[in-house]
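Participant:
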Amino acid sequence: MPFFNTSNNPLQHALAGKFKNLFHGARDFALDKAIQLRDEAIVPTLDRGIESGDLPGKEAMFVRYLTGTDKPLNVLPPSVREAVPAAVDRSLTRDRFRNLYGENYDLAFPEAVAKAKAEYPDLAPRFQMEIAEREAHNAAEPFAGQTIPVPAIDEQGLLDIQYKDYNESGVRNNVRHPLSQTLGRFHIDKDGNVIDRYDFANHDRGMQYANVQTGGAVEAANFLAKKLGLINHSSGYEINAPIN
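Heads up: the sequence shown begins at 29 in this note's numbering, then just goes up one per residue.
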């Protein structure tokens, strides 16, 4: 017998409908209360711990993500605040160029792929790709070696911070650096605020490292949060926080 009776009896049908509505209403009420508790009690407590350093920044920012909140984070861990200025200095002195060959290759490639598929429909996909790659290269070749310098501050007034701006010399991915698994790549605005989006679990390399370091706990927590409906592939929160 189904949980909600689907009998054609009008009375049973009406009662089943009312029960279903009550069930969904109770579920929605409980969900609203849980979200209220999360955003009015749990997240502010995490934020205070992050700002003071009473909670380890990397772990607390991840737990904050697991709650499913989309409330912006307006504070930073002390270790992150201390590390940002050096990264800013390195970013400001880093040369930035537009690679004209790469830009024109990327522009020509999609059209070259479509053309190769249309002209050689019986060829294996890898051969179609080889034809498209040659055509895109030929279109971009006149621009080989040509670059255009670009300013450090973009048209939106933001300075981009890359991993290379805080990795130590010779270290490709310094995952132990305070910025690596908290901010990663981020921006600084003209007022000295960190601008970023935290969606840590969508970045496989960081997830894999953190999972190894915690004996699988990070992956397990992420899996459980998804099963409970707390997070999904679009989950995350904005970061807009001063460094001073």
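Here a beta-carbon is modelled for each residue, glycine too, at the ideal position from N, C-alpha and C.
(1) So the beta strand (DSSP E) Ile176 belongs to, where does it begin and stop?
(2) Once you ignore the five residues that flank Glu131 on each side, which residues in its own chain have a CB closer than 7 Å to its CB?
(3) How is the alpha helix (DSSP H) around Arg154 delimited, first residue to last?
(4) Report yes or no: do three or more beta-carbon pairs, one from the stretch 159 to 173 and one from the stretch 74 to 88, lie closer than 8 Å?
(5) What separation, rounded to the nearest whole angstrom, lies between the Cα atoms of Ser119 and Gly257?
(6) How long is the line joining the alpha carbons of Glu247 and Arg213, rounded to whole angstroms?
(7) Quick check: what's the CA-CA separation for Glu68 versus Asn272?
(8) Report the rounded CA-to-CA distance for Thr95 versus Leu207, giving the unit in angstroms.
(9) Would Val176 and Arg126 be called neighbours here (beta carbons separated by less than 8 Å)?
(10) For Asn250, count the other beta carbons within 10 Å of its own beta carbon; 16 or more makes it buried, fewer makes it exposed. Which is it?
(11) So what does Phe214 bridge to, in DSSP terms?
(12) Can you tell me whether Leu252 is buried or exposed? The criterion is at least 16 other CB atoms within 10 Å of its CB, across all chains shown.
(13) Just grab the DSSP bridge partners of Val222 for me.
(14) Helix, strand or coil, according to DSSP, for Asn127 in the structure here?
(15) Our contact map puts Tyr265 next to Asp117 with C-beta atoms below 8 Å; I'd like the distance itself, whole angstroms only.
(16) According to the Cβ coordinates, are Asp193 and His215 closer than 8 Å?
(17) Can you tell which of Glu196, Glu183, Thr210 and Asp227 has the C-alpha that lies nearest to the C-alpha of Asp217?
(18) Just to confirm my understanding: we take Pro270, look at its own chain, exclude 5 residues before and 5 after, and list those with CB closer than 7 Å. What are they?
(19) According to DSSP, is Leu207 part of a helix, a strand, or is it coil?
(20) Assuming Ala146 and Glu163 are in contact, meaning their beta carbons sit under 8 Å apart, how far apart are those beta carbons, in whole angstroms?
Facilitator: Short version:
(1) Thr175 to Pro177
(2) The answer is none, since no qualifying residue turns up.
(3) Pro153 to Ala168
(4) no
(5) 39 Å
(6) 22 Å
(7) 25 Å
(8) Roughly 22 Å between the two C-alpha positions.
(9) According to the sequence as given, residue 176 is Ile; it is not Val. It is a contact, given that the beta carbons lie within the stated cut-off.
(10) buried
(11) Ile189
(12) exposed
(13) Looking at the DSSP output, Val222 bridges to Ile216 and Ala269.
(14) Note: Asn127 maps to strand in three-state DSSP.
(15) Their Cβ separation, rounded to whole angstroms, is 27 Å, which puts Tyr265 and Asp117 out of contact at 8 Å.
(16) no
(17) Closest by C-alpha distance to Asp217, out of Glu196, Glu183, Thr210 and Asp227, is Glu183.
(18) Cβ within range, chain order: Gly220 and Asn221.
(19) coil
(20) 13 Å between Cβ atoms; not a contact.
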